[in-house]
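Protein chains in written order, with the working numbering: chain A, 306 to 700; chain B, 306 to 700.
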C-alpha cells in the first residue's frame with residue numbers, strides 16, 4: 306500500500322502547508338516566534354483511503370497502515386500490534402511489548418524513514434533513554450549511523466540499553482545537550498529525531514507513528530473508548546493518539562473522539578500548566594521525580610490542542626501515586642517503568658466516571674527504572690518450608 | 306472455545322496414559338527410574354479440532370488456541386503473537402515481545418492454569434531469572450501466591466525483575482534450590498512449575514504453551530520452515546515447537562515437520578551430549594558461560610526426542626560465538642540476552658544450507674544479561690560536532 310501523505314500542515318495556521326520534504330524539524334517557519342514554536346503535522350488524501358483498511362487485525366508492523374502514514378522507508382522491527390489488557394475495569398495498552406520495549410518505536414519507524422527520505426547521512430537524538438535507544442535501533446536496522454546525546458542521569462541499565470545498538474553515544478551535561486544537537490544537525494547534516502525548538506515541536510512526522518495506537522485500540526475494543534490516559538512529557542504520544550481518533554471520525558468509522566488526558570509528574574507538567582493558564586504552551590521549572598522519562602520543562606502546542614480539542618485535561622501525579630500505581634500493576638503481572646504507569650495513576654487520581662471504556666497507555670517496561678539493579682539480595686542459609694511459610698504470611 | 310485435552314501420556318511408554326489431573330510433575334510413575342525420569346505430554350481429541358482454528362491471525366493471548374491446550378484457567382497477560390522478523394536471509398522469532406519479555410510466558414500461562422485446576426494454594430519455581438519472573442507475574446495476575454527460589458548469581462537487574470511482581474523470593478545456594486522446592490511442594494502443597502526430577506521432566510503441561518510458537522510461525526510464513534534453531538537449556542521450548550509442527554502435520558495442515566536444532570552453550574549441552582552418545586538423556590558438568598539462562602547440567606528426554614524425531618541436531622556454541630551473534634543482531638536493532646541468541650548463533654555455527662525458510666527463536670530481551678548496568682559512562686565536556694564526527698569515524 307502506498308502512502309497518501311500530501312503535505313506538512315502548520316498547527317500555528319492550518320491554512321499554511323509545506324511540501325512533505327524536507328521535514329520541518331524546527332517547526333513552522335511562518336507562525337513560530339522566539340517564544341512559541343509551532344509544530345507541523347502531516348496531512349493526507351483522506352478521500353482515497355481504501356475502505357478495507359480497518360478490516361484488518363491490529364498486528365505488528367506499521368506498514369499495515371501505510372496509506373495513513375508518511376512513506377515508511379525504514380525496515381520494520383515489528384513495532385505496534387501491542388495487546389490491550391483488561392485490568393480492574395480499565396484497559397491497559399501495553400506498549401512495553403514493542404521492539405525496544407517502549408512506545409517510542411512507533412515514532413522512530415516513521416522518523417528514521419524521514420531521515421532516509423531526506424537523504425540524511427545519519428540521525429541524531431537527545432534522550433535520557435527510551436527514545437535514544439529506539440532511534441538507535443531503527444537507524445541500525447536501516448543501516449544509518451546514529452548519534453545519541455545521552456544523559457548522565459539515566460539509570461545504569463538504561464545506559465547499557467542505549468549503547469547496545471551500536472550507535473555513537475555521547476554523554477554530556479544536561480544544558481549542553483540541545484546546543485550539541487543543533488551543532489550536529491547544522492554541520493554534519495544529521496537528521497534530528499528529537500526536539501530543537503523553544504517550545505516543543507519535535508519531529509513533524511513523529512506523532513503519525515503514535516496515532517496507530519488509536520487505530521489498534523479502536524479495533525481491539527470494537528468501538529471508540531470514552532477516555533484515554535497517557536503518560537505525558539512533551540505530549541507527542543497524546544497528540545498522536547488523539548489525531549488517530551479524529552481521523553477515524555473523519556473517515557466515518559467512528560462517531561466520537563475520546564477525551565484524552567495528559568498525565569504528568571507533579572514535579573513538572575507543562576501541558577497541565579498551559580491548559581490551566583490558557584497559554585498556547587508552557588515552560589515550567591521541574592523538581593525531583595523518579596519519572597525521569599516524562600519530567601519535561603518544555604511543553605508544546607500539541608498536548609494543549611489534544612487536551613482542549615477532546616474535552617480532556619491535564620492530570621498531575623506525584624511520585625507517591627506513581628509508585629502506588631506501579632506496585633499495583635506489577636502485583637497484577639504488569640511491570641512498567643514508573644513513568645510508564647502515569648496514565649493509570651492519572652486515571653485513579655482523577656476519580657472521574659466515564660460512560661464507556663477507559664484506556665490507560667502503559668508506555669515502557671520496568672527494566673528502565675532508576676532502582677533497577679539496586680535491589681538488596683540476601684542469601685538464606687538452608688531455609689525450610691516453615692521459613693517459606695512464615696515469609697509468605699508476613700507479606 | 307473449549308480445551309480438547311484428554312489425558313497425560315507418558316513419553317517413556319506412549320501406551321501409558323493418566324488423567325489430566327493431577328499434573329504429574331514428577332514424571333511418569335511407571336516408566337521413570339532412579340537414573341532417568343520420563344516426562345509426560347498432553348494428548349487431545351485431534352479429530353474434534355475445528356477446521357477453522359488455523360484460519361485466524363497469530364495474535365496475542367493463547368486462548369485463541371484453546372482446543373489444543375489444557376484448560377486455560379489463568380487470565381492472560383497477552384502472551385504470544387510475537388513478530389517474525391526477516392534478517393539477513395533468516396527469520397527471527399522475537400520472543401522478547403512477551404509480557405515479561407521472554408518465551409517463558411507461554412509456558413506459565415499454561416502451568417499456572419494447571420495450578421488453579423489442581424486447586425493448589427500457590428505456585429513454586431526454582432529459577433535464575435526469566436522463568437521465575439514469568440511464573441510470579443502469571444500467579445500474581447491469577448491471585449495465587451508465588452514462591453520463587455532464586456539464584457544469587459543472577460544479574461542485579463534480573464534480581465529486581467524477579468522481585469517486581471510481589472512474589473516471595475528466597476535466594477539460596479545453588480545446591481539447596483531443588484531440595485527446597487520439593488520441601489515446599491510436599492509440605493505446603495504448592496504447585497511446582499519447574500523441574501523436580503533426576504533428569505528433566507519439568508511440568509507436563511509446559512511445552513503445550515511453547516507449541517503455539519509453531520502455530521504462529523506456520524501462519525506467519527504461510528508454510529512450514531525447513532529448520533528451527535532454538536536456545537536450549539532443558540530443551541522444553543524445542544520440544545514444544547517440534548510438537549506443534551507434528552500436530553500441524555497430523556491435522557493435515559502441513560506436509561512436513563522442520564528439523565529442530567538444540568543450540569546449547571559449549572560449557573554445558575546435555576541434549577547435544579545425549580544425542581551424540583545415543584543416551585536417552587544426559588547429565589553433564591558445566592563450565593563457565595555468560596549464557597546463564599540456558600547453562601544446564603541436567604537434560605531430559607524431550608530435547609532428545611525432538612532432535613532425533615525431526616532429523617535435527619544438537620549444536621554447541623561457545624561464548625565468543627554467542628557474543629558475536631548478540632552484537633550482530635543488536636547492530637540490526639534486535640537486542641537480546643546472550644542466551645537468547647543461541648539459536649541464531651547455532652545456525653551460523655552449523656553453516657548448513659536448507660531447502661526452505663530457517664527460523665531462529667530469540668528468547669529474551671537484552672536487559673537480562675550479566676553486564677547490564679555495568680557499562681562505563683564517561684561524560685564529555687563541551688564536545689562539538691567535530692568531536693562527534695571523529696567518534697563516528699573511529700567506530
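Glycine included, C-beta positions come from ideal geometry on N, C-alpha and C. Values in this document were obtained by computation on a predicted structure and should not be read as measured data.
For residue 313 of chain B, the secondary structure class from DSSP, reduced to helix, strand or coil, is strand. For the pair residue 401 of chain B and residue 670 of chain B, the CB atoms are nearer than the 7 Å cut-off. The three-state secondary structure of residue 495 of chain A, taken from DSSP, is coil.
Only those residues of the region 459 to 481 of chain A whose C-beta falls short of 8 Å from the nearest C-beta of chain B are listed: 460, 461, 462, 464, 465, 466, 468, 469, 470, 471, 473, 475, 476, 477, 478, 481. If you draw a straight line from the Cα of residue 384 of chain B to the Cα of residue 692 of chain B, it is about 45 Å long.
Classified as buried, residue 413 of chain B has 16 or more neighbouring CB atoms from the shown chains inside 10 Å of its CB. DSSP places residue 395 of chain B outside any alpha helix (DSSP H); the residue lies instead in the beta strand (DSSP E), whose first and last residues are 395 to 399. Judged by pairs of C-beta atoms under 8 Å, the region 461 to 479 of chain A does not touch the region 565 to 572 of chain A, as fewer than three such pairs exist. For a cut-off of 8 Å, the C-beta gap from residue 659 of chain A to residue 524 of chain A is around 20 Å, too long to register as a contact. For residue 448 of chain B, the three-state secondary structure derived from DSSP is coil.
Exclusion of the five residues before and after residue 436 of chain A leaves 409, 430, 499 as the residues of its chain whose Cβ lies within less than 7 Å of its Cβ.
Residue 527 of chain B: not part of any alpha helix (DSSP H); DSSP gives it neither H nor E. Non-local C-beta neighbours of residue 423 of chain B in its own chain, meaning closer than 8 Å and more than five positions away in sequence, comprise 326, 327, 328, 496, ordered along the chain. Straight through space, the alpha carbons of residue 311 of chain B and residue 320 of chain B are spaced by roughly 14 Å. The way I'd put it, the region 359 to 379 of chain B doesn't touch the region 597 to 608 of chain B; fewer than three beta-carbon pairs between them come closer than 8 Å.
Excluding its 5 nearest sequence neighbours in each direction, residue 416 of chain B has C-beta neighbours in its own chain below 6 Å: 498, 508, 510, 511, listed in chain order. Between the C-alpha atoms of residue 582 of chain A and residue 503 of chain A there is a straight-line separation of about 19 Å. Going by DSSP, residue 630 of chain B is part of no beta strand (DSSP E) but of the alpha helix (DSSP H) stretching over 624 to 635.
The beta carbon of residue 655 of chain A sits closer than 6 Å to the beta carbons of 620 from its chain, once the five residues preceding and following it are set aside; these are given in chain order. The beta carbon of residue 589 of chain A is closer than 7 Å to those of 573, 574, 575, 578, 602 in its chain, skipping five residues each way along the sequence.
Excluding five sequence positions before and after residue 609 of chain A, the CB atoms of its chain that fall closer than 7 Å to its own CB belong to 576, 579, 580, 585, 586, given in chain order. The continuous alpha helix (DSSP H) containing residue 418 of chain A extends over residues 409 to 422. Note on geometry: alpha-carbon atoms of residue 538 of chain B and residue 425 of chain B lie some 27 Å from one another. Taken in chain order, the unbroken stretches of alpha helix (DSSP H) that lie wholly in the region 586 to 619 of chain A and span 4 residues or more are 606 to 615. Neighbours of residue 550 of chain B in chain A, taken as residues whose beta carbon is under 9 Å from its own, are absent, since the nearest beta carbon is some 22 Å off. One thing to note: residue 645 of chain B has its Cβ no nearer than 7 Å to the Cβ of residue 382 of chain A.
Look at residue 698 of chain A here: in three-state DSSP terms it is helix. For a Cβ distance threshold of 8 Å, residue set 485, 488, 489, 491, 492, 493 of chain A lies close to residue 690 of chain B, ordered along the chain. Contact annotation for residue 523 of chain B against chain A: no contact, minimum CB-CB distance about 16 Å [criterion: below 7 Å]. Between the region 447 to 463 of chain A and the region 674 to 686 of chain A, the count of C-beta pairs closer than 8 Å reaches three or more; the two stretches touch.
At a cut-off of 7 Å between C-beta atoms, residue 374 of chain B does not count as an interface residue with respect to chain A. Of the residues A:404, A:377, A:393, the one whose Cα lies closest to the Cα of residue 649 of chain A is A:393. Chain-order list of chain B residues neighbouring residue 435 of chain A: empty, with the shortest C-beta distance near 12 Å, by a criterion of under 7 Å.
Take the alpha-carbon of residue 427 of chain B and the one of residue 630 of chain A: they are about 24 Å apart. Counting the other Cβ atoms within 10 Å of the Cβ of residue 440 of chain B gives 16 or more, which makes it buried.
Residue 438 of chain B sits buried, since 16 or more C-beta atoms from the chains shown fall within 10 Å of its C-beta.
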